[in-house]
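Protein chains in written order, with our numbering: chain A, 5 to 379; chain B, 1342 to 1565.
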Amino acid sequence: MDAVAGEIRAHSLTARVRKELRRAGSPHFVLDVSVEIPSGVTILFGPSGAGKSTLLDCIAGLLRPDAGRIEIGGEVLLDSTTGLNLSAQQRHIAYVFQTLALFPHLNVEANVSYGLANLPAAERRARVMEILAAFDVEKLRARKPGEISGGEKQRVALARSLVTSPRILLLDEPLTGLDAELKASILDDLRVWNATKQIPIVYVTHSREEVDALGERVIAMDRGQVLNEGTPREVLESPRHHRLAQAAGFENLMRGTVLDLREPDGVMCVRLGESACEIEVPLGHALPGSNVRVAIGAGDILLATERPNALSARNILEGKIVSMERRGSIMAARVDCGVKFAVHVTPGAVRALELQAGQRVWLVLKTHSCHLVED
Amino acid sequence: MNTQALFLSFRLAFCVSAVLLLIGMPLAYWLAFSKWRGKFLLESVVALPLVLPPTVLGFYALVAMGPHGPLGKIWMMLFGSGLAFTFQALLLASVIYSLPFAVQPLIAAFEGVDPKLLDASAVLGAGRLRTFARVILPLSVPGVITAVVLSFAHTMGEFGVVLMVGGNLPGATRTVSIAIYDQVQSLEYAEANRMALVLLAISFSVLSVVYAVNRRVWTPWLAK
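Rendered as structure tokens:
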């Protein structure tokens, strides 16, 4: 490698990968993407089955693409035109799996030093101790993975991957199943560690929370394709694809028909489903009469018990509460306005307005909370 | 008691287990991890001794190892003596006869190792040999013990193959099971009973080891 001692160089990853997978019982899947990942955290976001893990496996050398080229900081790891294909053990890439894959028969220290077999014992020990301290798990070094908690396992898995001074770090949903606070503290440790190393980190997730906590850059994928990339705001707050909208947590996804375009106002009028509900949405690439999908976050809808007036919001729909259900700290209401909406309100609001099933209510939707999405 | 026969059986069983461990590991590794579509053929060959009558296996082994058989001829060329009715002949036939008892538990154990652990090992820079030694083998200890113990026990108890290939030469090929058969034939029931009891006790202890290991009585590190 060309890293001069003491100098830290940022190496970006470029990968162009095509891989066909035949899975029994499902139509065959083609991953065909081209991504460029600079140093820092890049989130790979998309519904399950999007091909995110397949892409990571190709980058790590665990799966051989049918065609493509993978390069880190100028060094080529794979080039299908020349037949070059470095094996996983030659790539110096760190990869933390969703299952973490800690070796159950080795204690924490042996797990972490596994990747340092070529170093002299003294140096190996020093590096292991340093990384165990950085991830706050030095007290666990004699324990087996079966004897430590989920969050501790995640820290150990990160330490095991990073102790080898990898050129890039791949993380495949490594923090699923942890509570938010623990997640945040692990992500903080990771961010601190990478502040000095400056390597590209690819972070696969389908959790909005993690995107918001880490968010620098997002690449949205679905069905083996890159749909969109940019900041989390650009990619997730106005998803342009139906499945991405679903993955990004837009609870209301409805079909509609475009009635007319009001180009001077930058809006168009859409009738939802077969109902009489007509709403105004931002102007999109559609002609009157064409079918579109509209995504609306359940938390972006206001609920009123009387018909509101003198409001800037353009969409006010009358309906009836069908059901109310508590989900954690929110109350999820279903409201029938001809089409059914999911609406999230706070328990306090439910008490103050004395909301209950059967009640007549009005929904208020801002035009720009209604997102047009493609199939 | 016929300690000579008992000792011979132990010696044979020990040698068979050792040889099987040596050739069983790479064979089982290949059968567990190869992606070759035709590997079921080799799997069938390995499993054959489970279903073939020992006399059939013994018959072919005898023909192959006889003075006109291919193995017998090679042996004659290398060592200047016949192969049939020797301890070596017995060992060779027993290895084939007990092959599935060693290979199948090993395959099951190797296949039982979480493939993600193998991926993790590769990503951390370990080659196949190191991954085998540091991950697959330690996690397959119960399977290895099962393989050794089963091939040992199975060899201790075999009869038909020994009779076909080994004959009945005291000290060279007369194993416990043959000796018991002889004693019953000559109506020495008391002696036959003693030896049968010894064999029974050994088989029971050996199987207890296998089941204890597989119930994870002694391998707490595998407990979740």
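All C-beta atoms, glycine included, are put in the ideal place defined by N, C-alpha and C.
8 Å Cβ cutoff, residue i in contact with chain B
i      : result
A/H372 : no
A/Y207 : no
A/I203 : no
A/I97  : yes
A/A19  : no
A/L369 : no
A/L81  : no
A/G50  : no
A/G119 : yes
A/A64  : yes
Option nearest residue i by Cα separation, candidates the options
i       : options                               : result
B/I1437 : B/A1474, B/R1378, B/L1361 and B/V1489 : B/L1361
A/D269  : A/T371, A/A138 and A/E241             : A/T371
A/P286  : A/L110, A/L376 and A/L48              : A/L376
A/N115  : A/V167, A/V80, A/I97 and A/G72        : A/V167
A/T85   : A/V296, A/L120, A/A299 and A/G72      : A/G72
A/Q360  : A/M328, A/V215 and A/G77              : A/M328
A/L106  : A/L191, A/E151 and A/S91              : A/E151
B/S1440 : B/N1555, B/G1365, B/G1484 and B/F1545 : Reading off the sequence, residue 1440 of chain B comes out as Leu, not Ser. The candidate whose alpha carbon is nearest that of B/L1440 is B/G1365.
A/L306  : A/V354, A/G253 and A/T18              : A/V354
A/M272  : A/S279, A/P31, A/N295 and A/D226      : A/N295
A/V326  : A/K344, A/S333 and A/T309             : A/K344
B/W1371 : B/A1449, B/Q1526 and B/N1555          : B/A1449
A/S387  : A/D340, A/K56, A/G342 and A/R318      : With chain A represented from 5 up to 379, any question about residue 387 of chain A goes unanswered, as that position is not in the structure.
B/A1474 : A/L110, A/V215 and A/G155             : A/L110
For residue i, the residue or residues it bridges with in DSSP
i       : result
A/S38   : A/R20
A/M133  : Paired residue(s): none; A/M133 is not in a bridge.
A/D226  : A/Q229
B/F1351 : In the DSSP output, where bridge partners are listed per residue, B/F1351 has none listed.
A/H348  : A/A336
A/C273  : A/D264 and A/E284
A/A71   : A/R22
A/Y99   : A/L174
8 Å Cβ cutoff, residue i in contact with chain A
i       : result
B/A1463 : yes
B/K1457 : yes
B/V1444 : no
B/G1466 : yes
B/D1572 : What the structure shows of chain B is the stretch from 1342 to 1565, and residue 1572 of chain B is not part of that stretch, so it cannot be assessed.
Alpha carbon of residue i to alpha carbon of residue j, nearest angstrom
i       : j       : result
A/E11   : A/K201  : Residue confidence for A/E11 is low, a pLDDT of 37 falling below 50, so the modelled location carries little weight and cannot support an answer.
A/G87   : B/A1463 : 21 Å
B/L1353 : B/G1508 : 15 Å
A/E255  : A/D183  : 22 Å
A/I172  : A/I203  : 5 Å
A/V380  : A/V100  : Residue 380 of chain A falls outside the range modelled here, since chain A spans only 5 to 379, and no answer is possible.
B/L1383 : A/P108  : 32 Å
A/S169  : A/A121  : 13 Å
A/R237  : A/E177  : 20 Å
A/L49   : B/L1398 : Looking at the sequence shown, residue 49 of chain A is not Leu but Phe. C-alpha separation (whole angstroms): 60 Å.
A/A290  : A/L276  : 15 Å
B/C1356 : B/A1369 : 19 Å
A/D36   : A/G228  : 6 Å
B/T1514 : B/T1487 : 26 Å
B/Y1401 : B/A1553 : 37 Å
A/A130  : A/T103  : 27 Å
A/M133  : A/S43   : 26 Å
B/K1565 : A/E113  : Model confidence at B/K1565 stands at a pLDDT of 36, short of 50, so the residue's coordinates are unreliable; what they give is reported in the following sentence. Distance between the alpha carbons of B/K1565 and A/E113 is about 19 Å.
A/P124  : A/H245  : 52 Å
B/K1457 : A/A336  : 39 Å
A/Y118  : B/F1420 : 48 Å
A/K187  : A/Y207  : 13 Å
A/S91   : B/F1428 : 47 Å
B/I1510 : B/V1386 : The displayed chain sequence assigns Leu, not Ile, to residue 1510 of chain B. The straight-line gap from Cα to Cα measures roughly 30 Å.
B/T1496 : B/L1424 : 19 Å
A/K157  : A/D140  : 11 Å
A/V298  : A/A54   : 21 Å
A/P69   : B/L1548 : 47 Å
A/A252  : A/V39   : 21 Å
Where residue i meets chain A, residues with beta-carbon distance less than 9 Å
i       : result
B/L1480 : F107, P108 and H109
Residue i: contacting residues in chain A (beta-carbon distance under 7 Å)
i       : result
B/V1476 : F107
Interface partners of residue i on chain B, CB under 7 Å
i      : result
A/Q93  : A1463, G1466, A1467 and G1468
A/G155 : Correct list: empty, because the minimum Cβ distance to chain B is about 18 Å.
Under 8 Å from the C-beta of residue i: neighbouring residues of chain B
i      : result
A/F101 : K1457, D1460 and A1461
A/T168 : L1465 and G1466
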